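Each remark here refers to the structure printed beneath this line.
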Amino acid sequence: MLNTSLNSWKYLLISILGLSASLSYAQEDALNITRKELITQAIDNSHSLKIKRNEVSASQLDRQRALYTYIPKVGVKAGYAHLLNDLTITRDISAEKNTLLHGLEQSKQQSLNNLMNSGMPPEMIGIGAPLIEGVYNNVSGLVNQVPNNASLTLKDNNLWFYDAYVEMVIFSGLQAPAYAKAAASKAEAQMAMVEKEEHQIIIEVLDYYDKIAVVNQSLKVLEESQKRLDKQKEFGVKAKEVGLATEYDLNKIKIAEKDIKAKRIELESSKQLVIQKLHQLTGVDKTTLSEINPNLELWMVDDGEINLQNRSELKALGSSIEALEYKHKAEQYGALPKAKAFAHVMQGGSSLTNVDPIPFVGVGLQWEIFDGLQRKREVQKSALQVESMREKRAYAEELISLEFEKKKMEWEVSTQLVTVAEEKVEDAKQGLRIKAEEVKNGLADIPELLKEISDYEMLQLDYIQKIASQRHEAVAFLDAMGALTIEHIQN
């Protein structure tokens, strides 16, 4: 019985330790979520990016469809018809009758000549000649009785047919390869715009991630200010007892504490909004996001990685130009002939008639020599589109060059402002130390010290904001340089 109880307690202790370890590991995992990991999650979670990637896939399918032009097509055509009336075929045979009568006349003359030259007795020739003429005249009479319009009535009211075929384009006039290349270039342009949106997501996630760092460090500043107020409150109570402080001084300390409390509430509310936004961007649960504690340090940029031609906008415009150029060529190739090889097996019949299968193969050629100047207009239109896109790229290069200079200057200025803000914090810290000594020695009163504490706190918060701004400008500078990638992200 005792052993059973001990074993039960043993299992319970192991379970508690295991649960504690699991919670500890979960918390450690949360704390280890880096900026890069959150950015990857946001990119994978973006509905807009998924839509744009589907558009890229659609363009790639257009390229494949253009190349599928050369794949043979196999099919069967079949039909059935029921005739409501008998089918009557009428034909004019007068020419055939005249030909036949002319032939009979020639044959009669030839037969009579043969009889005359046969060497037979005159009596036999006299008997044979009338017979020959009579036979031929009777035949000619029968031919003349045949009407000039002969007609044939078919009683087959149910007609059917089928055509099994294989067709293959052997020459598309070079249009299929041109359209395929145009679709591929279009997909590249769309992919460049996907990359641009990824950069926007990177910047957005980094801004919100750094806002958590700003809130956390700002809360630490408020905590330090509260500790200073606690010391001053303790000093004020003792000073009041000996007449060196008044109730007014203690009331000022209470007001300062309320200010800190109000700032803390605002910061916590701001943090919840930031966490909510990061949750929406990344899909990571809010509990995990609330436990991260990121660093906030200066972000130095190596401007030796400048590659403005790597900007997503320029890559998109460059690929768009290529797509339009290939489309322009395809329009020009419309003047070339097109050829197709084919093989058919056809068979048909009716209720009373059956036609044997008729197999045949061949090559077809289509060449539109004059299309009413439609093709010429399309070629001119596509040439204008190419020229307009080239102008857009030239204009974009000018804007990007200007933006690069602007972002570089903003980053440099923000870096310098961080240095100035840091110096101001050090000066305020020194001033606070001096003012605290003066209060202890009775050379200054508590409200003056409270003002120094407030100024020092404000400068610390401003310093934190300046670092966050500098980091934002650093990312924007990397983007303007054409060097923004996940690999460049500093944790």
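Read left to right, the sequence shown gives residues -26 to -1, 1 to 465 (mature numbering (1 follows the signal peptide of the UniProt record, and there is no 0)).
Glycine residues also receive a C-beta, built at the ideal position from the N, C-alpha and C atoms.
None of the values given here were measured: they were computed from a predicted structure.
- The criterion of a C-beta distance shorter than 7 Å is not satisfied by K380 and A450.
- The beta-bridge partner set that DSSP reports for M320 consists of D137, I332.
- For the pair S33 and K160, the CB atoms are nearer than the 7 Å cut-off.
- Your pair L270 and E178 does not check out as a contact, with CB atoms roughly 17 Å apart and the cut at 8 Å.
- Here the alpha carbon of I438 sits roughly 13 Å from the alpha carbon of E397.
- Per the DSSP secondary-structure output, T73 pairs with nothing in a beta bridge.
- The count of Cβ pairs closer than 8 Å, one atom from the stretch 188 to 206 and one from the stretch 314 to 331, stays below three, leaving the stretches out of contact.
- Under the criterion of beta carbons closer than 8 Å, D66 and N122 qualify as touching, at roughly 6 Å.
- When secondary structure is reduced to three states using DSSP, L180 falls in the helix class.
- Within a 10 Å sphere around the beta-carbon of R9 sit 16 or more other beta-carbons, which makes this residue buried.
- Within its own chain, the residues whose Cβ lies closer than 7 Å to the Cβ of A166, once the five positions on either side in sequence are excluded, are S286, K289, A290, S293, listed in chain order.
- Distances from the alpha-carbon of H253 to those of N284, Y182, S388 put Y182 closest.
- By the neighbour-count criterion, in which a residue is buried when 16 or more other Cβ atoms sit within 10 angstroms of its Cβ, K440 is buried.
- Short of 8 Å from the beta carbon of L391, and not among the five residues preceding or following it, lie these beta carbons of its own chain, in chain order: K440, S443, Q444.
- Judged by their CB atoms, N132 and S325 are nearer to each other than the 7 Å cut-off.
- The beta carbons of E172 and I17 sit about 6 Å from each other, so the pair counts as a contact at 8 Å.
- The beta-carbon separation of Q283 and G49, rounded to 49 Å, does not stay under the 8 Å limit for a contact.
- Following the DSSP letters along the chain, one finds Y54 in no alpha helix (DSSP H) but inside the beta strand (DSSP E) bounded by residues 47 to 56.
- Around the beta carbon of W385, 16 or more other beta carbons sit within 10 angstroms, so the residue counts as buried.
- Just measuring C-alpha positions, the residue of L58, Q80, N19, P151 sitting nearest L41 is P151.
- Using a 10 angstroms sphere on the CB of P104, the tally of other CB atoms stays under 16, which defines it as exposed.
- V189 and L263 have their C-alpha atoms roughly 13 Å apart.
- Of L452, P421, A454, I13, the smallest CA-CA separation from T220 is found for P421.
- If you draw a 10 Å sphere on the C-beta of H302, you find 16 or more other C-beta atoms in it, and that means buried.
- Assignment of I441 by DSSP, reduced to helix, strand and coil, places it in the helix class.
- Y54 and V335 have their C-alpha atoms roughly 24 Å apart.
- Taking A156 as reference, the option from L298, Q306, N28 with the minimal CA-CA separation is L298.
- Between I13 and I7, the alpha-carbon positions lie close to 10 Å from each other.
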